[in-house]
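Q:
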Amino acid sequence: MVADATPALFRSFFLGGFECSTHRRRDGRRLDLLAGTRHDRLAAADYQALREHGIAAARDGLRWHLIEQAPGEYDWSSVLPMLRAAETAGVQVIWDLCHYGWPDDLDIWSPAFVERFAAFAAAAARLVREETVAAPFYCPINEISFWSWAGGEMGRINPGTRRQGGALKRQLVRAAIAAIRAIRAEDPRARFITAEPLIHVVAGTKRAARHAETYRLFQFEAVDLLSGRAEPELGGAADLIDIIGVNYYPDNQWYHGGPTVPLGHHAYRPLSDMLAEAHRRYGRPLLIAETGAEGSARAAWLHYVCAEVEAARAAGVPVGGLCLYPVLDYPGWDNGRICQTGLFSMAGPEGERAVFPPLAQELRRQQESMGRKSEHSPSPDPVFS
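Dropping the structure here:
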C-alpha cells in the first residue's frame, strides 16, 4: 500500500454534520431542522459530544430566513450562541449559508436574490471573523444540483417549479459566485467547499446507455459552471473552486429510469473510482461532505465508505475528510418521522441524547486505523490556500 500523504484539511478527519435544511415544502410549510433537532438550543452540548467521540470539526448552518427578516437588516441572535459554543468546544465549523431556504420577501428568480445573498454572506463573514480566531470555512449553497432538480424540475420543494431545473441551477451558481467573492473581500483567509451529490447511473439496456451517461455527467455541471469550465459568461472561474465536497449515500447509484443498484451488485461502481474521477476532473482536494445510512445499516455503511476512502487515498486521491451526516437523528422532511441516521439520537426532555453504539464502535475502529496509518506516513505539505 502506498503511504498516505493526504494533507489534513480539518482539525479531525471525521466531521459531524448537523442537518440544517430551511426550505419550504410543496405545501408551503417551512422546515427548520436545526430547531427540529433542538441543535440550535443544544449546540454547546452537541459540540462537546462530538469532541468526546474524537471529532473536532463539523458542518453546521446559518439560517438566512431568520437572520435577514427585513432587507439588509441582520439579527444574529440565532447565530452567536452557536459560534461561541463551537469556539469553546474547539470545534472547527464549515458554515452553510444557504441550505435550501431564503427570506420570504425575496424572489429567487430576481437579480436581487443574488445581490442580497452576497451582502448576507459578507455580513456573515464579518461576524465570523470577529467572533472566531482560525481561518473560516463556508459552503455558500448546499447541493445546487439536488436543489435545482427537487425545486426547479420536480416541484418538490421551493421554489416549486417544474422543468426549470437548468434555470434554477444557473441562478444558484450566480449567487454562489457572488457570495464567494463577497466573503473573500471581507476575509481573504476564507476556505470554501462545494457539497454536490456523487452519483452513478447504470444503463439497463444498450438503448439507454447514452441517456444514462448524459444524466450521470449532470452531477458535475454545477461545479463546472462555478469554475468557469462551462458557460464562463456566468462569472465562474477556476479560483472559485477550493475543496470539492461530495455527498454520497446508499441510494446514489441507480438504473436509468429504474431502481437503486444494491451494494455488492456487479453493476455497483466502487466509490473509490468515483472519487478518483472527481479528483481527475478538478484537481482539488476532496471531502466526503455527507454520508450515512439509516437504522442498523449505519455502522456497515461507514465501514464500506472508509474502506473505499482508504483505497482512493492509497491511489493518490487526496480525500481530506469524511462527514457523518446527519450526525443527529432528525424529523423527516415530509412527515416528521424520526430518521435514525445519527451517531446521536433526538434529544430527550432534559436535552440528553443517546449514542448509537454500533456506529460509535465502528467510528472508533476507523479513527484508530487511520491513526496507525498516519504514524507511518510522511509529513504532508501544507494544503494550498
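Residue 3 is where the sequence shown starts when you use the working numbering, and the numbers rise one by one after that.
For glycine and all other residues, C-beta sits at the position ideal for the given N, C-alpha and C.
In its own chain, which residues sit with a C-beta less than 8 Å from the C-beta of residue 66, not counting the 5 before and 5 after it?
A: Residue 66 sits at position 64 when you count from the first residue of the sequence shown. Only 24, 99, 100, 103, 104, 105, 119, 122 meet the Cβ criterion.
Q: Here's the rule I'm using: 16 or more other beta-carbon atoms within 10 Å means buried, otherwise exposed. How should residue 326 be labelled?
A: Sequence index remark: in the sequence shown, residue 326 carries index 324 (1-based). Looking at its Cβ environment, which holds 16 or more other Cβ atoms inside 10 Å, residue 326 is buried.
Q: Nearest CA to the CA of residue 286: which residue from 254, 255, 229, 233?
A: In the sequence shown, residue 286 corresponds to position 284, counting from 1. Selected option, being the one with the closest Cα: 229.
Q: CB residue 182 to CB residue 242, shorter than 8 Å?
A: On the sequence shown, position 180 is the one that residue 182 refers to. On the sequence shown, position 240 is the one that residue 242 refers to. Yes, the Cβ-Cβ distance between residue 182 and residue 242 is below 8 Å.
Q: Tell me which same chain residues have a C-beta within less than 6 Å of the C-beta of residue 438, skipping the five on either side of it?
A: Because the chain is modelled from 3 through 387, residue 438 falls outside the range shown and cannot be assessed.
Q: Mind checking whether residue 200 and residue 254 have CB atoms under 8 Å apart?
A: Taking the first residue of the sequence shown as 1, we reach residue 200 at position 198. Taking the first residue of the sequence shown as 1, we reach residue 254 at position 252. Yes. Within cutoff.
Q: If we ignore side chains and look at the alpha-carbon of each, how far apart do residue 387 and residue 191 end up?
A: Reading the sequence shown from its first residue, position 385 is the one you call residue 387. Reading the sequence shown from its first residue, position 189 is the one you call residue 191. Low confidence applies here, because residue 387 scores a pLDDT of 26, under 50, leaving its location unreliable; read the following figure in that light. Looking at the two C-alpha atoms, the distance is approximately 8 Å.
Q: Which residues does DSSP pair with residue 156 in a beta bridge?
A: The residue you call residue 156 lines up with position 154 of the sequence shown. Answer by DSSP bridge pairing, in chain order: 164.
Q: Would you mind stating whether residue 134 and residue 89 have Cβ atoms separated by less than 8 Å?
A: Taking the sequence shown and counting its residues from 1, the one referred to as residue 134 is at position 132. Taking the sequence shown and counting its residues from 1, the one referred to as residue 89 is at position 87. It is a contact, given that the beta carbons lie within the stated cut-off.
Q: Between which two residues does the alpha helix (DSSP H) carrying residue 291 extend?
A: Mapped onto the sequence shown, residue 291 falls at position 289. Where residue 291 is concerned, there is no enclosing alpha helix (DSSP H), although the beta strand (DSSP E) it sits in stretches over 288-293.
Q: Under 8 Å Cβ to Cβ from residue 303, same chain only, skipping five residues before and after it: list those, please.
A: The residue given as residue 303 occupies position 301 in the sequence shown. Here the set comprises 252, 293, 294, 295.
Q: What residues in its chain sit with their C-beta under 6 Å from that of residue 384, if we drop five residues either side in the sequence?
A: Counted from its first residue, the sequence shown places residue 384 at position 382. Low per-residue confidence applies at residue 384: pLDDT is 32, beneath 50, and the placement is therefore not dependable, though the value from the model is reported in the following sentence. Result list for residue 384: empty, nothing under 6 Å.
Q: Within 10 angstroms of the Cβ of residue 171, are there 16 or more other Cβ atoms? Answer buried if so, exposed if not.
A: Numbered from 1 along the sequence shown, position 169 holds the residue referred to as residue 171. Flag for residue 171 reads buried.
Q: May I ask which residues mark the beginning and end of the beta strand (DSSP E) holding residue 16?
A: Locating residue 16 in the sequence shown gives position 14, where the first residue counts as 1. Where residue 16 is concerned, the enclosing beta strand (DSSP E) stretches over 16-19.
Q: Work out the CA separation of residue 73 and residue 146 for me, nearest whole Å.
A: Start at 1 with the first residue of the sequence shown, and residue 146 comes out as number 144. Start at 1 with the first residue of the sequence shown, and residue 73 comes out as number 71. Distance between the alpha carbons of residue 146 and residue 73: 24 Å.
Q: Tell me the rounded alpha-carbon separation between residue 177 and residue 234.
A: By one-based count along the sequence shown, residue 177 stands at place 175. By one-based count along the sequence shown, residue 234 stands at place 232. Whole-angstrom Cα-Cα distance: 14 Å.
Q: Taking the alpha helix (DSSP H) that residue 93 falls in, what are its first and last residues?
A: Taking the sequence shown and counting its residues from 1, the one referred to as residue 93 is at position 91. Note, residue 93: premise wrong, no alpha helix (DSSP H); not H, not E.
Q: Let me confirm a value: residue 26 is counted as buried when at least 16 other C-beta atoms fall within 10 Å, else exposed. Which label applies?
A: Here the question's residue 26 lines up with position 24 in the sequence shown. By the neighbour-count rule (16 or more Cβ atoms within 10 Å), residue 26 is buried.
Q: When the distance is taken between beta carbons, is residue 247 closer than 8 Å to residue 278?
A: The residue you call residue 278 lines up with position 276 of the sequence shown. The residue you call residue 247 lines up with position 245 of the sequence shown. Contact: no.
Q: Leaving out five residues on either side along the sequence, give the residues of the same chain with a beta carbon under 6 Å from the beta carbon of residue 50.
A: On the sequence shown, position 48 is the one that residue 50 refers to. Closer than 6 Å at the Cβ level, and outside the excluded window around residue 50, lie 91.
Q: CA-CA distance, residue 78 and residue 33?
A: Mapped onto the sequence shown, residue 78 falls at position 76. Mapped onto the sequence shown, residue 33 falls at position 31. Computed Cα separation, rounded: 19 Å.
Q: Taking 7 Å as the cut-off, is the C-beta of residue 145 nearer than that to any heavy atom in the ligand ADP?
A: Because no ligand of any kind appears in the structure shown, any question about the ligand ADP cannot be addressed here.
Q: Would residue 204 pass as a contact of residue 268 if the rule is Cβ separation under 8 Å?
A: On the sequence shown, position 202 is the one that residue 204 refers to. On the sequence shown, position 266 is the one that residue 268 refers to. Not a contact, by the Cβ cut-off of 8 Å.
Q: Could you give the DSSP three-state label for residue 135: helix, strand or coil?
A: Here residue 135 refers to the residue found at position 133 of the sequence shown. Coil at residue 135, not helix or strand.
Q: CA-CA distance, residue 124 and residue 54?
A: Here residue 124 refers to the residue found at position 122 when the sequence shown is read from its first residue. Here residue 54 refers to the residue found at position 52 when the sequence shown is read from its first residue. Distance between the alpha carbons of residue 124 and residue 54 is about 33 Å.
Q: Report the CB separation of residue 58 from residue 94 in whole angstroms; it is logged as a contact under 8 Å.
A: Translated into positions along the sequence shown, residue 58 becomes position 56. Translated into positions along the sequence shown, residue 94 becomes position 92. At roughly 6 Å, the Cβ-Cβ gap stays under 8 Å, so residue 58 and residue 94 are in contact.
Q: Spatial neighbours of residue 271 within its chain, please: C-beta separation below 7 Å, excluding the five flanking residues on both sides.
A: Within the sequence shown, the letter at position 269 stands for residue 271. Closer than 7 Å at the Cβ level, and outside the excluded window around residue 271, lie 202, 255.
Q: Would you mind sorting residue 349 into buried or exposed? The rule is 16 or more other CB atoms within 10 Å of its CB.
A: Position 347 of the sequence shown holds residue 349. Buried: at least 16 other Cβ atoms inside 10 Å.
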